[in-house]
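Each residue of the sequence shown is one higher than the last, beginning at 683 in my numbering. Glycine is no exception: its CB is placed at the ideal position from the N, C-alpha and C atoms.
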Amino acid sequence: MIIYNKVSKIYKNDTKPVLQNVNLEIKEGEFVTFVGYSGAGKSTLLKMIYAEEMPTSGEVYFHKKKINDLKKRYLPKHRQQIGTVFQDYKLLTQKNVWQNVAFAMEVAGKTQAEIEEDVPQIIDIVGLKSKIDKYPEELSGGEQQRVALARALVNRPKVLVADEPTGNLDPISTWEIMQLLLKINEFGTTIMLATHDKGVVDRISKRVISMDKGKVIRDDLKGKYCI
Ligand code: ADP
683 MIIYNKVSKI YKNDTKPVLQ NVNLEIKEGE FVTFVGYSGA GKSTLLKMIY AEEMPTSGEV
743 YFHKKKINDL KKRYLPKHRQ QIGTVFQDYK LLTQKNVWQN VAFAMEVAGK TQAEIEEDVP
803 QIIDIVGLKS KIDKYPEELS GGEQQRVALA RALVNRPKVL VADEPTGNLD PISTWEIMQL
863 LLKINEFGTT IMLATHDKGV VDRISKRVIS MDKGKVIRDD LKGKYCI
């Protein structure tokens with residue numbers, strides 16, 4: 683489903699590669715975790731899936747489509763297939779839970795009827811039914827991340843990219859988010875998770891890709907955190 687073929691990346695005005703000859707294949711429905719020290723290249727690798735960064739050399743394929751040379755006009759359609767969540771939740775502070783999630787559907791051109799059907803459903807799945815009219819500042823970090831997850835999922839993406847989604851959370855909220863990610867994966871969404879959290883990685887026992895200085899140094903099915 684996702685293929686990185688000999689992917690290298692040198693950022694503009696830099697000389698040192700941040701990714702070096704990365705070769706990876708991720709199958710539909712997989713749950714893949716990326717681990718490695720800060721600066722190892724995990725975020726850069728993930729950004730290539732939603733075409734925020736392009737390789738300097740090599741190719742990235744999504745469903746056999748080469749993402750490298752996607753024309754600008756196809757980017758929104760491509761990105762609709764990929765949900766994203768980050769360490770900072772990136773919620774719209776002036777909108778409540780319902781409006782934050784609905785906004786993602788409005789941007790994707792969904793009808794009002796679709797919005798009214800799907801928004802409550804996804805808010806229920808992430809366990810925030812009782813907070814539907816609250817604003818981000820009225821929510822805990824874990825709850826805000828669940829809103830971000832609902833927003834990422836409401837357009838039914840094929841892949842969810844989660845870049846340090848639990849980086850700001852306490853262990854209990856972290857585990858709640860992880861359980862949600864596992865549930866979403868069971869429903870069929872492919873998950874690509876970058877995390878520093880050794881406890882989480884060891885507990886979920888999914889594929890672990892270890893990165894160091896822009897290279898994949900280990901790729902372990904049912905792996906343990908190892909850098
Ligand atoms: P990780 O997610 O593993 O912490 P990153 O992909 O964020 O790694 O970063 C890898 C390297 O690329 C780091 O040295 C970082 O400073 C550099 N880097 C990341 N983004 C940019 C950018 N937009 N411009 C220049 N260098 C960048």
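Separation of Leu706 and Thr871 (C-alpha to C-alpha, rounded to the nearest whole angstrom) is 18 angstroms.
Around the beta-carbon of Gln861, fewer than 16 other beta-carbon atoms lie within 10 Å, marking it exposed. In terms of Cα proximity to Asn837, the closest of Val714, Phe785, Met893 and Leu752 is Phe785. Short of 8 angstroms from the beta carbon of Leu851, and not among the five residues preceding or following it, lie these beta carbons of its own chain, in chain order: Gly823, Gly824, Gln827 and Ile859. Non-local beta-carbon contacts of Arg889 in its own chain, meaning distances under 8 angstroms to residues more than five positions away in sequence, involve Glu712, Phe713, Val714, Thr715, Asp901, Asp902, Leu903, Lys904 and Gly905 in chain order. In the three-state DSSP reduction, Gly823 falls in the helix class (H, G or I).
Under DSSP, Lys747 forms a beta bridge with Phe744. With contacts defined as CB atoms closer than 7 angstroms, Val700 and Gly723 qualify as a contacting pair.
Exclusion of Ala733 from the 6 angstroms shell around the ligand ADP follows from its C-beta lying no nearer than that to any non-hydrogen atom of the ligand.
With respect to Ile797, Leu835 sits apart: the two C-beta atoms are not nearer than 7 angstroms. With distances taken between CA atoms, Lys811 lies nearest to Val829 out of Gly721, Thr726, Val829 and Ala795.
Residue environment analysis places Asp884 among the exposed positions, since fewer than 16 neighbouring C-beta atoms fall within 10 angstroms of its C-beta. Listed in chain order, the non-local C-beta contacts of Asn778 below 8 angstroms within the same chain comprise Ile814, Asp815, Lys816 and Tyr817, local neighbours out to five positions each way being set aside.
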